[in-house]
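Chemist:
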Amino acid sequence: MTGGSGGTPWATSDQEALDEVQDAEIFKAVVTSMEEWQKRHKSHRRKRAESSICYPEVGCFQDSGPFSYLDMLPSPPEEVSTKFFLFSGRGRASTPLMDVPFTNMSIIWPWARKAFNVSAPTKVIVHGFGGSCGHVWVYEMRSALMTVEDCNVICVDWEAGALIPNYVRAAANTRLVGKQLSMLLGGLHKHLGLPIESVHVIGFSLGAHVAGFAGAELKNLSRITGLDPAAPLFESQDPQARLDSTDAMFVDVIHSNGENLILGGLGSWQPMGHVDFYPNGGRMQKGCSNLFVGAVSDILWSASDVEGRSLCNHRRAYKFFTDSVSPRCHFPSFPCESYDKFLQGECFPCNGDRQCGNMGYYADKSSGRGTLFLITREEEPFCAHQYHVRVENSPSTAPLTSYGKIELTLVGSSDLNETLTMTQQIEQRILVGSLARIAVPHPVLQEPKNVEIMYTAYSGWISSGLSTWSIDKVTLTGHFLLQFQFCQSSCIKMDTRNNTIRLVSGLSSILKFFLN
Numbered sequence: 001m002t003g004g005s006g007g008t009p010w011a012t013s014d015q016e017a018l019d020e021v022q023d024a025e026i027f028k029a030v031v032t033s034m035e036e037w038q039k040r041h042k043s044h045r046r047k048r049a050e051s052s053i054c055y056p057e058v059g060c061f062q063d064s065g066p067f068s069y070l071d072m073l074p075s076p077p078e079e080v081s082t083k084f085f086l087f088s089g090r091g092r093a094s095t096p097l098m099d100v101p102f103t104n105m106s107i108i109w110p111w112a113r114k115a116f117n118v119s120a121p122t123k124v125i126v127h128g129f130g131g132s133c134g135h136v137w138v139y140e141m142r143s144a145l146m147t148v149e150d151c152n153v154i155c156v157d158w159e160a161g162a163l164i165p166n167y168v169r170a171a172a173n174t175r176l177v178g179k180q181l182s183m184l185l186g187g188l189h190k191h192l193g194l195p196i197e198s199v200h201v202i203g204f205s206l207g208a209h210v211a212g213f214a215g216a217e218l219k220n221l222s223r224i225t226g227l228d229p230a231a232p233l234f235e236s237q238d239p240q241a242r243l244d245s246t247d248a249m250f251v252d253v254i255h256s257n258g259e260n261l262i263l264g265g266l267g268s269w270q271p272m273g274h275v276d277f278y279p280n281g282g283r284m285q286k287g288c289s290n291l292f293v294g295a296v297s298d299i300l301w302s303a304s305d306v307e308g309r310s311l312c313n314h315r316r317a318y319k320f321f322t323d324s325v326s327p328r329c330h331f332p333s334f335p336c337e338s339y340d341k342f343l344q345g346e347c348f349p350c351n352g353d354r355q356c357g358n359m360g361y362y363a364d365k366s367s368g369r370g371t372l373f374l375i376t377r378e379e380e381p382f383c384a385h386q387y388h389v390r391v392e393n394s395p396s397t398a399p400l401t402s403y404g405k406i407e408l409t410l411v412g413s414s415d416l417n418e419t420l421t422m423t424q425q426i427e428q429r430i431l432v433g434s435l436a437r438i439a440v441p442h443p444v445l446q447e448p449k450n451v452e453i454m455y456t457a458y459s460g461w462i463s464s465g466l467s468t469w470s471i472d473k474v475t476l477t478g479h480f481l482l483q484f485q486f487c488q489s490s491c492i493k494m495d496t497r498n499n500t501i502r503l504v505s506g507l508s509s510i511l512k513f514f515l516n
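Going by the UniProt record's numbering, the first residue of the sequence shown is number 1, and it counts up by one from there.
Here you go:
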């Protein structure tokens with residue numbers, strides 16, 4: 001497996017597909033586990049006698065207070081069989097320096113002194129339900145992290161405690177694994193002097209809540225990144241029973257699959273951090289087919305139905321984060337009242353009153369906090385600069401309605417270009433006023449240098465478009481007070497031929513460009 005910067009994948013699509021082999025089984029396990037859990041609660045059966053359980057070294061767990069709803073305690077540590085894989089810049093990133101079982105953690109300290117660089121930042125990766133540290137996405141994320149900086153990486157492997165089909169059991173085990181992780185980091189601090197303030201824990205799905213429980217134990221963890229934190233049994237629960245903003249000094253969350261479970265959603269929609277990013281609205285992702293719609297009603301798929309189903313929306317969270325590790329792959333994100341208003345362009349640009357963020361690895365370097373929205377590309381690299389594009393025209397003596405398609409091509413340096421359609425379909429009714437949409441061109445395009453406009457008139461049995469259509473102004477607004485204006489006052493009269501507008505640099509902070 002190879003990879004590079006700028007959002008280039010570290011593994012091939014075939015290699016990444018290996019992570020998705022059990023996606024249908026994972027989703028089915030979550031649904032059936034939740035149905036069984038809900039039936040038990042509806043039956044009002046008597047609560048089991050034991051309200052707590054104690055294990056050597058890790059201590060006791062209670063099923064009262066904020067955890068009473070779960071009605072299940074963590075499995076014994078020997079059943080969960082947690083292991084820690086340690087990687088360091090002093091060794092090869094492809095193989096762990098150490099494979100440490102929690103049951104024999106004391107062996108780590110002498111070896112770690114030789115291999116672990118306590119002066120370097122430490123990143124911790126935690127997988128979720130049905131996962132392991134052997135998955136391709138873990139390799140990709142670890143490789144990306146160790147490429148951009150000299151750091152230690154720890155992967156928490158609790159595969160045996162997260163096995164399908166018992167999702168409820170795996171959810172209960174997150175408390176145990178979180179405690180074990182806190183003990184590992186606490187031991188590294190005690191024996192090696194590892195500063196907890198330099199530790200960044202990155203958790204996917206159930207792993208996000210593992211990170212939260214570890215942070216709650218440690219009190220002074222630097223940062224937690226929650227990658228689409230699991231919703232079933234966690235969303236809307238007491239903050240002590242899930243990831244929340246008190247678990248680290250900085251908690252950032254990417255919500256990629258916050259849809260209802262019956263519609264195929266596994267991630268939380270509820271904000272859980274200091275900053276919560278909602279790419280593409282946070283429910284479904286561009287480029288992902290919603291293959292699980294209706295899946296709950298016919299959950300017992302046949303073998304032929306299972307093929308092709310995936311957790312694409314859920315998995316996008318870790319793909320976004322891995323892409324974002326490259327310094328050239330930015331995900332500018334905007335505070336807005338709603339995703340719909342964001343799509344309408346009401347939240348552009350970023351300014352003193354509207355602090356924007358940067359989703360992913362560098363989220364802590366930007367000032368944006370709270371709920372932030374953004375749009376991504378449909379395929380890798382998913383990152384892109386975002387522009388609010390508006391094509392305007394005003395009333396004239398000519399008819400005010402046409403039918404057709406308007407396309408805009410943004411041309412960057414070296415003649416790189418990307419075309420976006422301003423109208424939704426070829427026969428769309430075009431009215432006097434304006435057309436607007438959010439554009440996310442390929443990141444290598446950088447700032448547009450030229451714009452090409454094409455108008456295609458519709459010709460149908462019932463209605464047809466005009467042979468010409470006038471444009472007053474084309475405006476591109478970027479995320480940082482950067483505005484490109486192409487022409488004004490009916491400067492373009494389109495008639496199915498391309499009109500190329502060349503840009504002339506302005507002098508003010510809000511740049512203006514006019515037709516040559």
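We put the beta carbon where it would ideally sit given N, CA and C, even for glycine.
Hey, how far is the Cα of N417 from the Cα of L410?
Modeler: Within the sequence shown, residue 417 is the residue found at index 417, counting from 1. Within the sequence shown, residue 410 is the residue found at index 410, counting from 1. When rounded, the distance between both Cα atoms is 5 Å.
Chemist: Which whole runs of the beta strand (DSSP E) in the region 167-230 are 3 residues long or more, in chain order?
Modeler: Counting only runs of 3 or more, we get 199-204, 223-227.
Chemist: Would a C-beta distance cut-off of 7 Å place T477 and H388 closer than the cut-off?
Modeler: In the sequence shown, residue 477 corresponds to position 477, counting from 1. In the sequence shown, residue 388 corresponds to position 388, counting from 1. Cβ distance < 7 Å, so T477 and H388 count as in contact.
Chemist: Quick one: residues in its chain with C-beta nearer than 8 Å to the C-beta of H200, no 5 flanking neighbours on either side, listed in chain order?
Modeler: In the sequence shown, the residue the question calls residue 200 occupies position 200. Once the five neighbours on either side are set aside, the close Cβ partners of H200 are P121, T122, K123, V124, S222, R223, I224, T225.
Chemist: Just to check my reading of the structure: C383 and C329 have Cβ atoms closer than 8 Å, yes? What is that Cβ distance to the nearest angstrom?
Modeler: Walking along the sequence shown from the start, residue 383 turns up at place 383. Walking along the sequence shown from the start, residue 329 turns up at place 329. Distance from C383 to C329 at the Cβ level is roughly 4 Å; contact confirmed, criterion being Cβ atoms closer than 8 Å.
Chemist: Quick one: grab the DSSP three-state call for D244.
Modeler: The residue given as residue 244 occupies position 244 in the sequence shown. Note: D244 maps to coil in three-state DSSP.
Chemist: Note down, one range per segment and in chain order, each alpha helix (DSSP H) of at least 4 residues found wholly within the region 37-85.
Modeler: 77-80
Chemist: Using a Cβ cut-off of 7 Å (strictly closer), state whether F373 contacts chain C.
Modeler: Given the protein chain composition of this structure (a single chain), no chain C is represented.
Chemist: Where DSSP assigns a beta bridge to F87, which residues make up the other side?
Modeler: Residue 87 sits at position 87 when you count from the first residue of the sequence shown. For F87, which the question treats as bridged, DSSP gives the partners V153.
Chemist: My output table needs one value for D276: the three-state DSSP class, helix, strand or coil.
Modeler: Translated into the one-based positions of the sequence shown, residue 276 becomes position 276. Here D276 sits in strand by DSSP.
Chemist: Tell me, please, whether the region 66-75 touches the region 228-244 by the rule of three or more beta-carbon pairs shorter than 8 Å.
Modeler: yes
Chemist: Would you kindly report the start and end of the unbroken alpha helix (DSSP H) that includes D340?
Modeler: What you label residue 340 is simply residue 340 of the sequence shown in a count that begins at 1. 339-343 is the span of the alpha helix (DSSP H), which, as asked, contains D340.
Chemist: How about R354 and P332: do their beta carbons lie closer than 7 Å?
Modeler: In the sequence shown, residue 354 corresponds to position 354, counting from 1. In the sequence shown, residue 332 corresponds to position 332, counting from 1. The answer is no: Cβ separation not under 7 Å.
Chemist: Taking the straight line between their C-alpha atoms, what separation do you get for G265 and V275?
Modeler: Taking the first residue of the sequence shown as 1, we reach residue 265 at position 265. Taking the first residue of the sequence shown as 1, we reach residue 275 at position 275. Looking at the backbone, the Cα of G265 and that of V275 are separated by about 21 Å.
Chemist: With a threshold of 8 Å on Cβ separation, who are the neighbours of V168 within its own chain once the five nearest residues in sequence on each side are excluded?
Modeler: Position 168 of the sequence shown, counted from the start, is the residue given in the question as residue 168. Hits under 8 Å: S33, M34, E36, W37, L70, M72, L233.
Chemist: For F129, which three-state DSSP category applies?
Modeler: Residue 129 sits at position 129 when you count from the first residue of the sequence shown. It is coil, neither helix nor strand.
Chemist: Give the DSSP-derived three-state secondary structure of R113 in the structure shown.
Modeler: One-based indexing of the sequence shown puts residue 113 at position 113. R113: helix per DSSP, three-state reduction.
Chemist: On the DSSP bridge list, what partners appear for Y455?
Modeler: Start at 1 with the first residue of the sequence shown, and residue 455 comes out as number 455. Listed as beta-bridge partners of Y455 by DSSP are I406.
Chemist: With contact counted as at least three CB pairs below 8 Å, one residue from each stretch, are the region 276-289 and the region 251-258 in contact?
Modeler: Judged by Cβ distances under 8 Å, the region 276-289 makes contact with the region 251-258, as three or more pairs qualify.
Chemist: Alpha carbons only, please: which of A162, A230, A248 is nearest the one belonging to E197?
Modeler: To locate residue 197, count along the sequence shown from 1; it is residue 197. Taking only the C-alpha atoms, the option nearest E197 is A248.
Chemist: Cα separation between I501 and I375?
Modeler: Position 501 of the sequence shown, counted from the first residue, corresponds to residue 501. Position 375 of the sequence shown, counted from the first residue, corresponds to residue 375. For I501, the pLDDT reaches just 44, beneath the cut-off of 50, and the residue's location in the model is therefore unreliable, although a value from the coordinates is still provided. In a straight line, the C-alpha of I501 is about 26 Å away from that of I375.
Chemist: Is T32 helix, strand or coil when you go by DSSP?
Modeler: As a working note, residue 32 is residue 32 in the sequence shown. Three-state result, T32: helix.
Chemist: So the beta strand (DSSP E) F334 belongs to, where does it begin and stop?
Modeler: Translated into positions along the sequence shown, residue 334 becomes position 334. Counting along the chain, the beta strand (DSSP E) containing F334 begins and ends at 332-335.
Chemist: Would you mind reading off the limits of the alpha helix (DSSP H) that contains T322?
Modeler: Start at 1 with the first residue of the sequence shown, and residue 322 comes out as number 322. Counting along the chain, the alpha helix (DSSP H) containing T322 begins and ends at 312-324.
Chemist: Under a Cβ-count criterion, where at least 16 other Cβ atoms within 10 Å of its own Cβ denotes burial, should K219 be classed as buried or exposed?
Modeler: On the sequence shown, position 219 is the one that residue 219 refers to. Using a 10 angstroms sphere on the CB of K219, the tally of other CB atoms stays under 16, which defines it as exposed.
Chemist: For W111, is the classification buried or exposed, using 16 other Cβ atoms within 10 angstroms of its Cβ as the cut-off for buried?
Modeler: If you number the sequence shown from 1, residue 111 lands on position 111. The residue in question, W111, is exposed, as its Cβ has fewer than 16 Cβ neighbours within 10 Å.
Chemist: Assuming contact is defined by CB atoms lying nearer than 7 Å, are V118 and G187 in contact in what I supplied?
Modeler: Residue numbering aside, residue 118 sits at position 118 when the sequence shown is read from its first letter. Residue numbering aside, residue 187 sits at position 187 when the sequence shown is read from its first letter. Taking 7 Å as the Cβ cut-off, V118 and G187 do not qualify as a contacting pair.
Chemist: May I ask you to report which of helix, strand or coil DSSP gives I254?
Modeler: In the sequence shown, residue 254 corresponds to position 254, counting from 1. When DSSP states are grouped into helix, strand and coil, I254 belongs to the strand group.
Chemist: Look up D99 in the DSSP assignment and say whether it is helix, strand or coil.
Modeler: Position 99 of the sequence shown, counted from the start, is the residue given in the question as residue 99. Three-state DSSP puts D99 in a strand.
Chemist: Would you kindly check if the distance between the Cβ of G134 and the Cβ of I164 is under 7 Å?
Modeler: Locating residue 164 in the sequence shown gives position 164, counting from the first residue. Locating residue 134 in the sequence shown gives position 134, counting from the first residue. It is not a contact, given that the beta carbons lie outside the stated cut-off.
Chemist: What residue range is occupied by the uninterrupted alpha helix (DSSP H) comprising T12?
Modeler: For this step, residue 12 is matched to residue 12 along the sequence shown. Premise fails: T12 is in no alpha helix (DSSP H) and is neither H nor E.
Chemist: Determine the burial state of N351: buried for a count of at least 16 other Cβ atoms within 10 Å of its Cβ, exposed for fewer.
Modeler: Numbered from 1 along the sequence shown, position 351 holds the residue referred to as residue 351. Here N351 is exposed: its Cβ has fewer than 16 other Cβ atoms, across all protein chains shown, within 10 Å.
Chemist: Under DSSP, the alpha helix (DSSP H) around T376 begins and ends at which residues?
Modeler: Here residue 376 refers to the residue found at position 376 when the sequence shown is read from its first residue. From DSSP, T376 is part of no alpha helix (DSSP H); its letter is neither H nor E.
Chemist: Compare the beta carbon distance of S205 and G128 with 7 Å and say whether it is the shorter of the two.
Modeler: What you label residue 205 is simply residue 205 of the sequence shown in a count that begins at 1. What you label residue 128 is simply residue 128 of the sequence shown in a count that begins at 1. Yes, the Cβ-Cβ distance between S205 and G128 is below 7 Å.
Chemist: Do A162 and A170 come within 7 Å of each other at the CB atom, strictly closer than that value?
Modeler: Stepping through the sequence shown from its first residue, residue 170 is reached at position 170. Stepping through the sequence shown from its first residue, residue 162 is reached at position 162. Cβ distance < 7 Å, so A170 and A162 count as in contact.
Chemist: Count the other C-beta atoms from every protein chain shown that fall within 10 angstroms of the C-beta of T82, then say buried if there are 16 or more, exposed otherwise.
Modeler: Along the sequence shown, read from residue 1 onward, the residue named residue 82 stands at position 82. So T82 ends up on the buried side.
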